[in-house]
Amino acid sequence: MRKTFFAGWRASFFTGLAVTLPALITLAAVKWIFGTISSFTDTLLFFLPYILGPKEVYENGQSGAMFWYWSLLALVLAAVLISCVGLLARYYIGKRMIEWLDTVMMNVPIFNKFYGAIKQVNEAFSGNKNSFKTVVLVEFPGPGNYSVGFITNEAKGEVQQKSGKNLVGVFIPTTPNPTSGFLILVPEENVTKLDMSVAEGIKYIVSLGSISPEQLPPKTK
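Structure (structure tokens):
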């Protein structure tokens, strides 16, 4: 009787865990992302303690983390400011200001190395027509083992000349964090192009392969 009760409880527990785990992980991820972003955006409300007083702004009444509603307000304010920058960037004056700022950043010693690298990665992920345009299947990390990757560009210049082959750059993301990974150069004939979109490929990687292309919603025209 006791064994039967324990077996039934265990089955119910694991069933409930399977049902609630995706929601719990999602909530935890949202909380972590909100906390990480708010640690930067809270600085936009630096003037608030001088107006309302520290006790009305900070959780401990002195300094540190703000109450969640102030952090949410700072996040909304950051979104508005980013949208304004994006709107300004669509016009000539805004473009010139951004070019000037970019020039200043690229001329700061040491800092320009980080800024340039981050900018290149951002351009790749933000829709550069020559980057991340095709999802492919390649043998990696060794023969007989396959990984899903993204074609970044065709390898040209010294790489192509000294290899004597038509190589393509393939980015192999790590899972479940696709922002890091490996860049490999593969002969074009050894690359198998897949029909899935870049978004589908990222979902496949982030989900640890549990969401296959067949399970994804059909594309709408």
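Numbering (this note's numbering), first residue to last: 12 to 232. Using N, Cα and C, we set each Cβ at its ideal position, and we do this for glycine too.
For M207, the secondary structure class from DSSP, reduced to helix, strand or coil, is coil. Inter-segment contact for the region 18-35 and the region 63-74 is absent: fewer than three beta-carbon pairs are separated by less than 8 Å. DSSP, reduced to helix, strand and coil, places T52 within a helical segment of the structure shown. Of the candidates V181, P187, V209, S208, V181 places its Cα closest to the Cα of L196.
By the C-beta criterion, the region 144-161 is judged to be in contact with the region 199-210, since at least 3 inter-stretch pairs fall below 8 Å.
Under the DSSP assignment, S82 falls in the alpha helix (DSSP H) whose first and last residues are 79-99. Residue burial annotation: G212 is buried, with at least 16 other C-beta atoms found within 10 angstroms of its C-beta.
Rounded to whole angstroms, K173 and S50 show a C-alpha spacing of 48 Å.
Beta-carbon to beta-carbon, P184 and G192 are separated by about 4 Å, close enough to satisfy the 8 Å threshold. With a beta-carbon spacing of about 39 Å, L28 and L56 fall beyond the 8 Å limit used to define contacts. I121 sits in coil when the DSSP states are folded into three classes, being neither helix nor strand. Residues P187 of the same chain have their beta carbon placed closer than 8 Å to that of S218, with the five preceding and five following residues left out of the count.
The continuous beta strand (DSSP E) containing L194 extends over residues 192-198. In this structure, L86 places its C-beta atom within 7 Å of the C-beta atom of T52. Counting only the Cα atoms, I222 lies some 36 Å from C95. Bridge pairing for P184: G192 [DSSP]. Within the model, the alpha-carbon separation for N164 versus T31 is close to 41 Å. Counting along the chain, E165 sits inside the beta strand (DSSP E) bounded by residues 157-165. Shown here for I216: same chain residues with a beta carbon closer than 7 Å to its own, the five before and five after excluded, namely V159, P184, T186, P189 in chain order.
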